[in-house]
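In order, the protein sequences belong to chains Y and H.
First residue of the first sequence? That's 1 in the working numbering, and the numbers climb one at a time after it.
First residue of the second sequence? That's 1001 in the working numbering, and the numbers climb one at a time after it.
Even for Gly, the Cβ is constructed at its ideal location relative to N, Cα and C.
What follows is a single structure, written as structure tokens, with notes after it.
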Amino acid sequence: MIYEKHYVWSILLRLYHWSLVSSIVALAITGFYINSPWSQTTLEGTGLYPMLTMRNIHGLAGYLFTAAILTRLFLLLFGNRQERILDLLPVTSRNINNLSTTLCSYAYLHDCHDEERLGHNIVAGMIYVVTIIVALFQVASGFYLRLPESIFWQKWGVMLFGTQQHARFEHHLLMWYFIIFAFIHIYLVIWNDLKNPDGITSSIFTGNKFRPRSIK
Amino acid sequence: MIDTAQGTDLDLQVNRRGFLKGCTMVAAALGISEAMIPKLVEAATSAQRPPVIWLHFQECTGCTESLLRASHPDIGRLILEIISLDYHETVMAAAGHQAEKSLHDTMEKYAGKFLCVVEGAIPTKDKGIYCKIAGRTAVDILAEVAPKAAAIIAIGSCASYGGIQAAAPNPTDAKGVMDLVSGTPVINIPGCPPNPISLLGTILHYLTFNRLPITDNLGRPLFAYGRKIHDHCERRAHFDEGRFAEQFGDFGHRNGYCLYKVGCKGPGTFSNCPSARFNDVDVWPVSVGHGCVGCTEPNFWDTMTPFYERLPNVQFPGTAGITDVDSAGKKILSVAAAAIGIHAAIGIGKKLVKGCVCKDDKKGGTNS
Chain Y
1 MIYEKHYVWS ILLRLYHWSL VSSIVALAIT GFYINSPWSQ TTLEGTGLYP MLTMRNIHGL
61 AGYLFTAAIL TRLFLLLFGN RQERILDLLP VTSRNINNLS TTLCSYAYLH DCHDEERLGH
121 NIVAGMIYVV TIIVALFQVA SGFYLRLPES IFWQKWGVML FGTQQHARFE HHLLMWYFII
181 FAFIHIYLVI WNDLKNPDGI TSSIFTGNKF RPRSIK
Chain H
1001 MIDTAQGTDL DLQVNRRGFL KGCTMVAAAL GISEAMIPKL VEAATSAQRP PVIWLHFQEC
1061 TGCTESLLRA SHPDIGRLIL EIISLDYHET VMAAAGHQAE KSLHDTMEKY AGKFLCVVEG
1121 AIPTKDKGIY CKIAGRTAVD ILAEVAPKAA AIIAIGSCAS YGGIQAAAPN PTDAKGVMDL
1181 VSGTPVINIP GCPPNPISLL GTILHYLTFN RLPITDNLGR PLFAYGRKIH DHCERRAHFD
1241 EGRFAEQFGD FGHRNGYCLY KVGCKGPGTF SNCPSARFND VDVWPVSVGH GCVGCTEPNF
1301 WDTMTPFYER LPNVQFPGTA GITDVDSAGK KILSVAAAAI GIHAAIGIGK KLVKGCVCKD
1361 DKKGGTNS
């Protein structure tokens, strides 16, 4: 069978994806440290600042995460066909059809694959939209905690989360969403790659997906 | 002036030097320019002392106890020279009908001019019957006094946000002043108890500028509650350099390391405790080895507990065993891992049973 290459993911989307991946890894590791610092020292005057360093990395990664999320929001509105929000949610008959196909396929009910579709399947799309909303709360609580003296963030923080302690708690709770999301996400990508020959894994590096030439 | 450090006796006859020192300290606490100190002194010595009505509701009188230990100025000078404390259940000489008359007279005579200080939460459940003074409920008294006051100062976490009385399940539906009063400006001086310098600073600010100081979004004056305890803490260097007390009494604790890991809530609490300190002997909880419990924050009794843990506990419905976020997270992650394992196993099992059906299907599908 002859497959042809289709350009699916723009450079901006791939940059968003890998910024998000690297920032989430850095944020989770430094976040665990900040919540419960495991390194202990009794040395003084060494010039080593483990907590300060961790907090600086956390802040830096937080800005990268924020930039990534803002980029994705931009692409949801102005990206290519696969990147736009209308291709992620079950709002068209094509998408609703894909939703049932995908759910059946994930439940091993039949092996049907939506060959025509290049972008995300609708299950993934809906989860991604939820993830971006969760990420926005994570960004807001992060800035509220990071800039405690800012009246702007205090106003929004108190409204959305409550006190600093509330926000810290919710910030920590939402981190687990991202860990569990990443876990399931990687599994489903591998699962899809084993099932379908469209090159889903390499597409996030190259931007290209493959589908048989016969279907136009 | 009480000089505890030098062991001198209580002396209400403060000399002018001591008085100016007190005013300067308040000016420093307020963060106003030294050029304003003469105005502050003028306001504090003015013959026109604003009458103050001090209302006690659901409380422990700890805020008044804290005020009794104030020294800049001391309580005697505050009552007799700076303000005219016409009604205060703990320190007033009058009792019974005399006291009620004093309250009534002040309210009528100085309507719209007096300051009202509220100490304690106001129970609102069952028409407020859980707190009564002279046969009237706290809700009624506040509703009568509040509209006539020029401004209301809610002293302590109870009057500000409900405090311990409002902790879950809040059996008397206790509320803070700002939830019940509208129309009269309310400023919160939370704390359990708050530092008296924050109250005196607010009063002197009001006397000097004829308005209440600027507040944050929770109604607290920024001069006292503008920064986190953590950011002014003397143990902060230990935090940044990764030196922590692991438990009370260990090497780190004895050496004055950061109390973060034994549950200090300084990183989530706004107050001037590390800089203003208490009782003229320059102490505050963290300086004597106990973590901050976050008493100036709304609902601290619910959100800051357990006091010796980093994050609040969370009781997930139906899971008595899960109380902290991380154990919940790990359990959910395990469930997700198990689900993934089962999902993958079904896929592999199906393949083993059916052979390479899927590939054939695909070929068939794409050729057509």
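>> On a Cα-Cα basis, can you pick out the residue from H:V1145, H:E1119, H:H1104 and H:F1307 that is closest to H:C1060?
In response: H:E1119
> Can you give the Cα-Cα distance for Y:F143 and H:F1223, rounded to whole angstroms?
Replying inline: 22 Å
> H:N1015: which of H:L1333, H:Q1058 and H:P1073 sits nearest, CA to CA?
Replying inline: H:P1073
>> At the level of alpha carbons, what is the spacing between H:A1167 and Y:I204?
In response: 50 Å
> Which whole-angstrom value describes the C-beta separation of Y:R211 and Y:D198, a residue pair presumed to lie in contact below a C-beta threshold of 8 Å?
Replying inline: 6 Å
> When burial is assigned at 16 or more other CB atoms within 10 Å of the CB, is Y:V91 buried or exposed?
Replying inline: exposed
> Which residues does DSSP pair with H:P1123 in a beta bridge?
Replying inline: H:A1174
>> In whole angstroms, give me the CA-to-CA distance for Y:Q154 and Y:R117.
In response: 44 Å
> Given that H:P1298 touches chain Y, what residues does it touch there, using C-beta distances under 7 Å?
Replying inline: T163
> Which partner residues does H:T1137 have in the DSSP bridge list?
Replying inline: H:K1132
> Which value, in whole angstroms, describes the spacing of the CA atoms of H:A1427 and H:V1177?
Replying inline: The displayed coordinates of chain H run from 1001 to 1368. Any statement about residue 1427 of chain H would go beyond what the structure contains.
> What are the complete alpha helix (DSSP H) segments, minimum 4 residues, inside the region 1232-1291 of chain H?
Replying inline: 1236-1240, 1251-1254 and 1273-1276
>> Just to confirm my understanding: we take Y:S39, look at its own chain, exclude 5 residues before and 5 after, and list those with CB closer than 8 Å. What are they?
In response: Y33 and P50
> Within the 8 Å Cβ cut-off, does Y:L52 reach chain H?
Replying inline: yes
>> So, does the region 1248-1258 of chain H touch the region 1192-1208 of chain H, judging by three or more C-beta pairs under 8 Å?
In response: no
> So the alpha helix (DSSP H) Y:V134 belongs to, where does it begin and stop?
Replying inline: I122 to R146
>> Using a 10 Å radius around the Cβ and a threshold of 16 neighbouring Cβ atoms, would you call Y:C104 buried or exposed?
In response: exposed
>> For Y:I29 and H:Y1130, what's the separation of their Cα atoms in angstroms?
In response: 50 Å
> Going by DSSP, which residues form a beta bridge with H:C1116?
Replying inline: H:I1053 and H:I1152
> Since Y:L48 meets chain H, which of its residues come closer than 9 Å, beta carbon to beta carbon?
Replying inline: E1241 and G1242
>> Determine, for H:V1325, whether the minimum Cβ-Cβ distance to residues of chain Y falls below 8 Å.
In response: yes
> Residues of chain Y with CB under 9 Å from H:L1212, in chain order?
Replying inline: Those do not exist, as H:L1212 stays about 17 Å from chain Y at its closest Cβ, beyond 9 Å.
> With DSSP run on the structure shown, which of helix, strand or coil describes Y:S39?
Replying inline: coil
>> What does the alpha-carbon distance come out to for the pair H:V1357 and Y:T206?
In response: For H:V1357, the pLDDT reaches just 49, beneath the cut-off of 50, and the residue's location in the model is therefore unreliable, although a value from the coordinates is still provided. Taking the straight line from one Cα to the other gives about 30 Å.
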